[in-house]
Amino acid sequence: MDSYIYYKLFFVFFLVVINSLFSAVWFFERRQSLLVDAISHSVLPILVLVYLFVQSLSSFSFVFFAVLFSTLVAWLISFLSKFNTKHSQSLIGVFFSGLFALGLLLTNVFARNVHLDADSVLFGALEFSIFENIQMFGFLMPISILKLFFLLSVNVICFYCFRNLFSALSFDQTNLKLHGFNTNLIDFFQLFLLVLNVIFCFEVVGVILTLGLNVIPVLIASYFSYRTSDLLNVSLFVSLITLLIASFLAFSFNLSLGAIFMVLLGVVFLVLSFFRSYFMKL
Amino acid sequence: MMLFITIFLLSFALCCLGGVFYYEQKSLITDVYSHVAFPGVVLAYVLFNSLDLYLVLFVTTTFVLLIDLIKNKLLRITKFTTDSIFAFFIAFGFSLGTLLINILQNHGVSTKAGFSDFLFGNISALSSNDSVLIISISSFILCLLYLYRRVIKNYLFDQILFSQLGFNVYFTQRILSVCTVVLCVLSLKVAGVVLTTGLFLIPFATANLFYNKIKHLFVFALLLISLVTFASIFISLNFSGLSTGPILIVLYFVVYLLSELFKFLRFKNIYG
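For the protein sequence lines, the chains are A and B, in the order given. FYI, in the numbering used here the residues of the first sequence are 1 to 282. FYI, in the numbering used here the residues of the second sequence are 283 to 554.
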């Protein structure tokens, strides 16, 4: 493969990783990592249904309706799991498996010939993400990079504007209510950002890796600090180093970049956990 | 008929174990097991060059139980919540499986179709030997659960009291884990990696909406499972392109949603 293509692939994946970290930090602090799992699986039937109406996977209306309806479903799952805190895991399990099965059926029946088949849903399609290009300032730019840049700007703006509010929501909702804030609205907005990240990252890395990106880097970072900004910085640093090694291995040995990245991150997490426990005993 | 009995017994055994983990508030444990089982399946292929269900069951169960030990150790030595650790193993297990398949493909082994049967489930690929294996193991686990139902009830009620009565909590946990792992691996062929959780959870969660007494709850689950299994096999046989696994879960899900709605309306009628 041309080295220019490697750089593009690396860059797309790097943008996906950064974007995921912005939502990962908040859901780690809320101790709701599995909600990401539920949402990443539940968006599938919505994507198929919206595709059936819009008949395009890249138009603005597709993204708009997909994000809107997915946020509603995510809010419903989050609301129901709050309503039944004792069995929130079972609610998440019921919804994500039910909706994912519905998604699989719909793809089998209606979207068999589209780039929305079961394989690409589970594994993603990083390789295909760089082939849809658009002419900009005399250069051919992959549309996925532009989309991910847009998402990054939304994430950065929201992070710096609302981080105090989001932190307060994670730690003490009652206090936030007493200060006159509408916690349901903030919760909905946070879910909207998560869904936006999931939908944009999902087509590149697939359902399960989206969950991994939203969980493992932050778990590693939490060994070093609990401050929100530090969590973000450390997880970004760890992800970048791991991504460089993973890219080298993936491009040299023709392996899946997403899978090797996640396995390396997992190994780092396991080694850190056991070393930490060993040294704390000493 | 054989297909119906296979799916019915497997679903009912999974539902009974689902009940145990539901009360333990670890409902998504099967999601972890089924995702971790995926690299186990690939490992079985690497070791024996075959995707025979007997071999897959042996290798994958050993692999998943090993990972389960690591998971339990992690839960003990770190301060992370069960949610975070579960999410970690789901992502890590699946990525490891994908990577192993990738390595196999680079060595010229084209086995994607074989692995897809385990990934998404493929009931039509079940041989009569596979069915016999699933039926015998499911029946054995159901008998075990029936014989030790009082012990399991005590275990779920209070683990401190359970150990004071002279039972071994760790041993009971291990036995329940082994049974769940074995059934999860078997159900990969029926429902696949993601949808196994549906078989494990939805029938019990639906029954739990109406009944609290264990006996009534399982009778309701039994009826629900037999009806849904029959309907899903009927639909998949009569409409081409619809596979049984996803139909089964969608039907369970629809029944669950209707039951929630019914319960909500009844609650509203009684309390205004």
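For each residue, glycine too, the CB sits at the ideal point set by N, CA and C. Here the structure is a predicted model, which means the values were calculated and not measured.
Contact with chain B by A/Ile92, beta-carbon distance below 8 Å: yes
Drop a sphere of 10 angstroms on the beta-carbon of A/Tyr160, count the other beta-carbons inside from all chains shown, and report buried for 16 or more, exposed for fewer. exposed
In its own chain, which residues sit with a C-beta less than 6 Å from the C-beta of B/Tyr315, not counting the 5 before and 5 after it? Val346, Val463 and Cys466
With 16 other Cβ atoms within 10 Å as the buried cut-off, status of A/Asp172: exposed
Looking only at its own chain, which residues have a Cβ that is under 8 Å from the Cβ of B/Gly375, when we skip the five neighbours before and after it? Val314, His317, Val318, Ala319, Phe320, Pro321 and Ile349
Whose Cβ in chain A lies nearer than 8 Å to the Cβ of B/Leu470? Within chain A, no residue comes near B/Leu470; the closest Cβ sits about 14 Å away, beyond 8 Å.
Return no unless some Cβ of chain A is closer than 8 Å to the Cβ of B/Ala369. yes
Assuming A/Leu34 and B/Ala369 form a contact by the criterion Cβ under 8 Å, report the distance between their Cβ atoms to the nearest whole angstrom. 6 Å
In the DSSP assignment, find the beta strand (DSSP E) that holds A/Met141 and state where it starts and stops. Phe139 to Pro142
B/Thr454: which of B/Leu470, B/Ile434, B/Leu443 and B/Ala473 sits nearest, CA to CA? B/Ile434
Cβ pair count under 8 Å reaching 3, the stretch 289 to 296 of chain B against the stretch 12 to 19 of chain A: no
Under 8 Å between C-beta atoms, does A/Ile77 make it to chain B? no
7 Å Cβ cut-off: residues of chain B touching A/Val215: Ser366, Ala369, Phe370 and Ala373
For a minimum of 4 consecutive residues, which ranges assigned as the alpha helix (DSSP H) are wholly contained in the stretch 283 to 315 of chain B? 284 to 305
Coarse secondary structure for A/Leu164, derived from DSSP in three states: In the sequence as presented, Leu is not what sits at residue 164 of chain A; that position holds Asn. Looking at A/Asn164 - three-state DSSP - the assignment turns out to be helix.
Measuring alpha carbon to alpha carbon, tell me which residue in A/Leu232, A/Leu185, A/Val263 and A/Ser235 is nearest A/Ser247. A/Val263
The stretch 18 to 46 of chain A: which residues have C-beta closer than 9 Å to a C-beta of chain B, in chain order? Phe28, Arg31, Gln32, Ser33, Leu34, Leu35, Val36, Asp37 and His41
What does the alpha-carbon distance come out to for the pair A/Ile157 and A/Leu185? 18 Å
Status (buried if at least 16 other CB within 10 Å, exposed otherwise) for A/Cys201: buried
Excluding the five sequence neighbours on either side, which residues of its own chain have a C-beta within less than 7 Å of the C-beta of A/Gly266, listed in chain order? Ile216
A/Asn133 (DSSP reduced to helix, strand or coil): strand
When you compare only the Cα positions, how much space is there between A/Ser56 and A/His87? 38 Å
Is the Cβ of B/Val467 closer than 8 Å to any Cβ of chain A? no
Tell me whether the beta-carbon of B/Leu339 lies closer than 8 Å to the beta-carbon of B/Leu458. no
Helix or strand or just coil, what does DSSP make of A/Gln32? coil
Can you pull the chain B neighbours of A/Leu232, defined as C-beta to C-beta under 7 Å? Within 7 Å Cβ-Cβ: nothing; A/Leu232 doesn't reach chain B, min ~17 Å.
Below 7 Å on C-beta distance, what does B/Thr479 contact in chain A? Gly93 and Ser97
Under 7 Å Cβ-Cβ, which residues of chain B neighbour A/Ile260? Leu381
If B/Cys297 and B/Ala473 are in contact, beta carbons under 8 Å, what's the gap, nearest whole angstrom? The pair is not a contact, with the Cβ atoms about 13 Å apart (cut-off 8 Å).
For the alpha helix (DSSP H) that B/Arg431 lies in, which residues bound it at each end? Arg431 to Phe439
Terminal residues of the continuous alpha helix (DSSP H) containing B/His498? Ile496 to Asn520
Assigned secondary structure, B/Leu489 (DSSP; H/G/I helix, E/B strand, else coil): Note that residue 489 of chain B is Ala in the sequence shown, not Leu. Note: B/Ala489 maps to helix in three-state DSSP.
Answer yes if the stretch 375 to 392 of chain B comes into contact with the stretch 493 to 507 of chain B, meaning at least three C-beta pairs across the two stretches below 8 Å, and no otherwise. no
Alpha carbon to alpha carbon, how far is A/Ala24 from A/Lys147? 19 Å
Through-space distance from A/Ser170 to A/Trp75, alpha-carbon basis: 16 Å
Within 10 angstroms of its Cβ, does B/Tyr428 collect 16 or more other Cβ (buried), or is it exposed? exposed
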